[in-house]
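The numbering used here numbers the first residue of the sequence shown as 3 and each following residue consecutively. Please read the structure below before turning to the comments.
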Amino acid sequence: MPLTAEARARLEADAKEIIARYPQSRSALLPLLHLVQSVEGYVSPDGIEFCAEQLGLTTAEVAAVATFYTMYKRRPVGDYHVGVCTNTLCAVMGGDAIFAALKEHPGIGNDETTEDGKITLEHIECNAACDYAPVVMVNWEFFDNMTPEKARQLVDDLRAGRPVSPTRGAPLCTFKQTERVLAGFPDERPGAVAAGGSAGEASLAGLRIAKERGWTAPDPAEFPDTTTAEEEGGAG
């Protein structure tokens with residue numbers, strides 16, 4: 003569906019704010035693609051054309067980026083993007099069973115959306131949360147130590163509109179709202195910023211034990227600068 007005049011006007015105003023942050027306008031492409039997804043729910047051909055126009059790029063250049071990164075979607079995503087890690091550790095700890103259960107339970111396949119538009123299911127690669135395997139992410143918020151039963155209940159709760167809280171991190175919001183935050187705009191939900199970004203206990207356990215045994219972080223000043231002229235771009 004083509005962008006409406008209202009949607010384009012909103013995108014143009016936000017795009018100007020994003021582009022102004024960068025010394026070279028083309029550096030704004032990644033956040034602009036997230037901005038498009040915050041309005042459309044995916045990156046449509048119209049969205050690609052919009053980004054190209056704003057940045058003075060060709061549609062081929064924009065499409066090359068949009069198709070390279072898996073966080074940019076080529077078809078509409080539901081209110082909740084449910085990603086099941088099926089990389090090695092999560093898979094052997096139960097990720098494959100969780101993914102199979104979620105395909106069977108709402109009756110959708112990989113990268114498909116339920117008829118009510120609530121859930122899009124996708125198997126995803128490592129989310130750097132192996133301490134908590136198997137991990138499911140909903141709109142990029144963590145649900146740790148999952149089981150097929152808990153995953154089915156999670157999806158049922160999301161579809162029914164019941165409150166759902168991630169294991170750690172910020173409260174859930176819709177996919178489009180998440181995309182606006184990823185585009186670089188403030189998350190204005192009360193308490194969301196303070197709740198996000200912290201590592202969990204399992205991730206910090208090794209650091210805590212090391213400190214208890216007397217380890218301290220090395221002082222960067224103790225290490226000489228070994229950068230060469232070539233690395234700094236001073237030669238050739």
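Quick reminder that beta carbons are idealized off the backbone N, C-alpha and C, glycines included.
Buried or exposed for Phe70, please, with buried defined as at least 16 other CB atoms from any protein chain shown within 10 angstroms of its CB.
exposed
Provide the residue span of the beta strand (DSSP E) that contains Cys87, from first to last.
Tyr82 to Cys87
CB of Val45 within 8 Å of CB of Ala68, strictly:
yes
Coil, strand or helix - Thr61 by DSSP
helix
Closest to Arg246 by CA distance: which of Gly216, Phe52 and Val38 is it?
With the chain covering 3 to 238 only, the question about residue 246 has no answer from this structure.
Three CB pairs or more closer than 8 Å across the region 122-137 and the region 99-112:
yes
When the Cβ atoms of the region 126-138 are set against those of the region 79-96, are three or more pairs found closer than 8 Å?
yes
Classify Trp142: buried if its beta carbon has 16 or more other beta carbons within 10 angstroms, exposed otherwise.
buried
Cβ pair Gly1, Ala197 closer than 8 Å
In the structure as shown, the chain begins at 3 and stops at 238. Residue 1 is therefore absent and cannot be evaluated.
8 Å contact criterion, which Asp221 and Arg161 should meet: CB distance rounded
The Cβ separation is near 53 Å, so there is no contact.
Secondary structure of Arg164, DSSP reduced to three states:
coil
Distance CB(Ala17)-CB(Leu5) smaller than 8 Å:
no
What is the C-beta distance between Leu57 and Ala99, in whole angstroms, given that I count them as a contact (C-beta under 8 Å)?
Not confirmed; about 43 Å, so no contact.
To the nearest angstrom, how far is the alpha carbon of Thr90 from that of Glu181?
28 Å
Cα separation between Glu224 and Ala11?
53 Å
Sort Gly96, Val157 and Met73 by Cα distance to Ile110 and report the nearest one.
Val157
For Ser205, which residues in the same chain have their Cβ closer than 7 Å to its Cβ, ignoring the five residues on either side in sequence?
Asp133
Please report the distance separating the alpha-carbon of Gly97 from that of Thr61.
37 Å
Buried or exposed: which applies to Thr218, given that a residue is buried once 16 or more other Cβ atoms fall within 10 Å of its Cβ?
exposed
In whole angstroms, what is the alpha-carbon distance linking Lys178 and Asp81?
7 Å
Tell me the DSSP bridge mates of Thr115?
Thr122
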